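Protein chains in written order, with the working numbering: chain B, 1044 to 1186; chain S, 203 to 702; chain E, 468 to 580; chain D, 4 to 187. Here a beta-carbon is modelled for each residue, glycine too, at the ideal position from N, C-alpha and C. Given the structure is predicted, the values throughout are model-derived calculations rather than measurements. Have a look at the structure below, then the notes.
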């Protein structure tokens, strides 16, 4: 897949940064404001997909390769799983084992923020991965 | 009562973690994925046998009391399903080590297999309606992907059909959940049961239960909703066919229906009649379609529909004896149908075809596959002393005993059951005749027996077939009767989850 | 009651598309429509007249006239499941198109029954 | 407020009809996108900003995915009118519609009135959720604390679906050796 024109590239470079930062904000502040790991993760993926569309597949894959995305996918899932299993330290699967802290601060509500981050990484990686694979899928010539 | 046994969440957490891990590190060495899968399923077998002796108990996820949090419920019915799932999936993993070498991306295969096991364990253990939906989707989505694993024409097409029908069914189930939530204000199964019990069935719950019958009935491949199964089950790789026919339609379909209609919604006359009609239809239509088949796996798939009809019939009749037979047949069917699919896989692995007319005389070349296939055929046809005989006998006697409720119809039901059993026998005599006996054709002279791990899985299954038949009274008393008592006692389920 | 009826109409339209249409893309669109209808039903069931979004904005806020947060949590899950299914069905459609060169279901029929 | 809800619902129904009946696949997909955005506005209207955000971003992504399929071929209109299904499919659908409408018409009369949910369990989340989970966003509190197990399931579903898509999109499914052709 080839990239697009210079104007598109320049605007995308500016815009993608904003989208990525906004996505990260949605992930981090999910327990305080509307949003959460999932919505933020999709936004992060959309930001990267925008880069793929503007700069072509090779340009974006220099930032995150397919293998790396696949690995991050598993790592995010494992991290969330680990948060669940670490609840056993308090006696229950999925116990909110981190101290709850002062409400309305970023570091509060125990595991909620960490869960959001794990989900964010997972969702970002897997959606980016599936887009890249779908975009790269070429129909073989017959015969 | 509530001692929060740490094993309960591990039934879901272990296969989930294993799935993530296999996909992450499986790309380094394929052998790692074999090893992890076999070890984890072996641990699940040990775990399921360990919880078999325990008292019924409830696990509160995250320490939140029901109905505010999600809870896991272990009672004898769940235990029965857990044991079936663990044992079959362990043997299937063992079998896959060699069989799946003819496919690419083995780690992803094991990852999806683990996810499917996690989904089924989740459905079987959960005590929450929406959570049941979520885990049902995990199992179902994993199975859609596994059906398409070979990525050939038929496989993709079967998978598309299965996916479309399956996700429509899931949507109906979710719509039913929305209605149930609206009517009762809760999602906890026991809480729903107690709310409904005090008010009686209102039209909203009737609507919801109709959606549940449609949705779960499709997952269980009851006859008006069976169109996907004869395509999907034969298209999958043989171990996956064994998982789908042996486990998935039971855990996602039949178990969920039993749990919802006996423990939660409560069975009235209308529901039982619907289940009986669906059961009879499945039995007759399934076996009639099966008799004319010449594709080995497709024939087996139609027999799955027919045999699940037996289970549904027993569940619908609902007398203690018929339920006992239904649950025992559930166990037996998962053993002999898995074995038959694995045998068909072994034949396909060695000869490269599964058309009955191209086979023949394999007994001399593949003694292990041949003898285990015969054992399974005798089992499914209901020949004593194999396990299928006893469960069919119990269902037939249960149907006859229901004469006081259904009058003459009870005898007609019993007669149809016997007739279907006979047709099953005819159909499997055909399989024996064309696959194992007769002349060995030119092309098949070089055929060899399958590798040792595959043989081991086949032999263990055959021993289970025989063992379940010979030790029938013991199995009934230890496993099936407690499960049956749980099914019939709705109040006990409510007081188990919501004490006081 | 009115919103429920309209919501059911969307559901039935989706089912109609899945059953009657003979084009892969139309069937996928039917699935998406069914999914919208189910999500809509869940949010309608949880709506409380005059209720606010269930998010506290300051410490010690006493308002409890919130809409039901539980169905909303369920819908997030269900939307995600829907996205996963969409990704998968798209992959299947691409492969089927590669194999058969068409989206027409009537031409994609190797399997019997 | 109710007027707006009804007009949005009718907008969605119209969108659905156009999406199903139009012969142009591209506009069909775009109509579905419009329906999804309508759904997002309904979420916003009914006090669910979290859902609105999720719905919008998911809608964008699934639209991109659907366009990927539709744009695979140059000519995206449906060439000829299809004969409408077999008798069996039509009969099943009609039977289903009949049963559905019959049951729904009695059920919706008995359901709690729109705008008056029962709030049996949820009242506890609303009154005590903040005190227990210490998260101001109650939806996230339910999602990641009270029902975190569901969310693990949800993350697993998307993991499964993505692995499944990768499996389906593999170039080669089987490793073939001499004449190992199952569908000959």
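Alpha-carbon spacing of residue i relative to residue j, whole angstroms
{"i": "residue 1185(B)", "j": "residue 72(D)", "result": "Interpretation of residue 1185(B) is limited by its pLDDT of 37, a score under 50 that renders its predicted location unreliable; the figure taken from the coordinates is listed afterwards. Whole-angstrom Cα-Cα distance: 19 Å."}
{"i": "residue 599(S)", "j": "residue 616(S)", "result": "8 Å"}
{"i": "residue 667(S)", "j": "residue 581(S)", "result": "7 Å"}
{"i": "residue 410(S)", "j": "residue 477(E)", "result": "18 Å"}
{"i": "residue 505(E)", "j": "residue 498(E)", "result": "11 Å"}
{"i": "residue 483(E)", "j": "residue 572(E)", "result": "15 Å"}
{"i": "residue 173(D)", "j": "residue 344(S)", "result": "16 Å"}
{"i": "residue 252(S)", "j": "residue 246(S)", "result": "9 Å"}
{"i": "residue 481(S)", "j": "residue 314(S)", "result": "31 Å"}
{"i": "residue 496(E)", "j": "residue 100(D)", "result": "19 Å"}
{"i": "residue 390(S)", "j": "residue 550(E)", "result": "26 Å"}
{"i": "residue 1154(B)", "j": "residue 1126(B)", "result": "8 Å"}
{"i": "residue 553(E)", "j": "residue 1177(B)", "result": "12 Å"}
{"i": "residue 430(S)", "j": "residue 168(D)", "result": "20 Å"}
{"i": "residue 304(S)", "j": "residue 635(S)", "result": "28 Å"}
{"i": "residue 57(D)", "j": "residue 1081(B)", "result": "7 Å"}
{"i": "residue 1163(B)", "j": "residue 273(S)", "result": "26 Å"}
{"i": "residue 574(E)", "j": "residue 499(S)", "result": "24 Å"}
Exposed unless 16 or more other CB atoms sit within 10 angstroms - verdict on residue i
{"i": "residue 130(D)", "result": "exposed"}
{"i": "residue 353(S)", "result": "buried"}
{"i": "residue 136(D)", "result": "buried"}
{"i": "residue 153(D)", "result": "buried"}
{"i": "residue 469(E)", "result": "exposed"}
{"i": "residue 233(S)", "result": "exposed"}
{"i": "residue 104(D)", "result": "exposed"}
{"i": "residue 675(S)", "result": "exposed"}
{"i": "residue 140(D)", "result": "buried"}
{"i": "residue 654(S)", "result": "exposed"}
{"i": "residue 421(S)", "result": "buried"}
{"i": "residue 663(S)", "result": "buried"}
{"i": "residue 1174(B)", "result": "buried"}
{"i": "residue 614(S)", "result": "exposed"}
Close Cβ partners of residue i (< 6 Å) along its chain, the five nearest in sequence each way excluded
{"i": "residue 570(E)", "result": "490, 491, 492"}
{"i": "residue 294(S)", "result": "441, 444, 445"}
{"i": "residue 155(S)", "result": "As shown, chain S starts at 203 and ends at 702. That puts residue 155(S) outside it, with no answer to give."}
{"i": "residue 530(S)", "result": "593, 682"}
{"i": "residue 1167(B)", "result": "1084, 1087, 1088"}
Any chain E beta carbon closer than 9 Å to residue i
{"i": "residue 336(S)", "result": "yes"}
{"i": "residue 1071(B)", "result": "no"}
C-beta neighbour in chain B for residue i, strict 9 Å
{"i": "residue 509(E)", "result": "no"}
{"i": "residue 130(D)", "result": "no"}
{"i": "residue 43(D)", "result": "no"}
{"i": "residue 557(E)", "result": "yes"}
Interface flag, residue i vs chain S, CB-CB below 9 Å
{"i": "residue 159(D)", "result": "yes"}
{"i": "residue 1128(B)", "result": "yes"}
{"i": "residue 1133(B)", "result": "yes"}
{"i": "residue 1159(B)", "result": "no"}
Sequence-distant residues of the same chain with beta carbon closer than 7 Å to residue i, five excluded per side
{"i": "residue 585(S)", "result": "591"}
{"i": "residue 587(S)", "result": "671, 672"}
{"i": "residue 504(S)", "result": "432, 488, 491, 492, 495"}
{"i": "residue 684(S)", "result": "278"}
Closer than 9 Å to chain D by CB, residue i
{"i": "residue 562(S)", "result": "no"}
Same chain, Cβ closer than 8 Å to residue i, neighbours up to 5 away in sequence not counted
{"i": "residue 519(E)", "result": "530, 532, 533, 534"}
{"i": "residue 460(S)", "result": "279, 517, 689"}
{"i": "residue 428(S)", "result": "484, 487, 488, 507"}
{"i": "residue 242(S)", "result": "216, 217, 220, 316"}
Contact under 9 Å by Cβ, residue i with residue j
{"i": "residue 290(S)", "j": "residue 483(S)", "result": "no"}
{"i": "residue 1089(B)", "j": "residue 165(D)", "result": "no"}
{"i": "residue 472(E)", "j": "residue 111(D)", "result": "yes"}
{"i": "residue 506(S)", "j": "residue 467(S)", "result": "no"}
{"i": "residue 1113(B)", "j": "residue 1075(B)", "result": "no"}
{"i": "residue 337(S)", "j": "residue 329(S)", "result": "no"}
{"i": "residue 660(S)", "j": "residue 576(S)", "result": "no"}
Using a Cβ-Cβ cutoff of 7 Å, what residues of the segment 366–392 of chain S are near chain F? List them in chain order.
Although the question refers to chain F, the structure presented lacks it and instead comprises the protein chains B, S, E and D.
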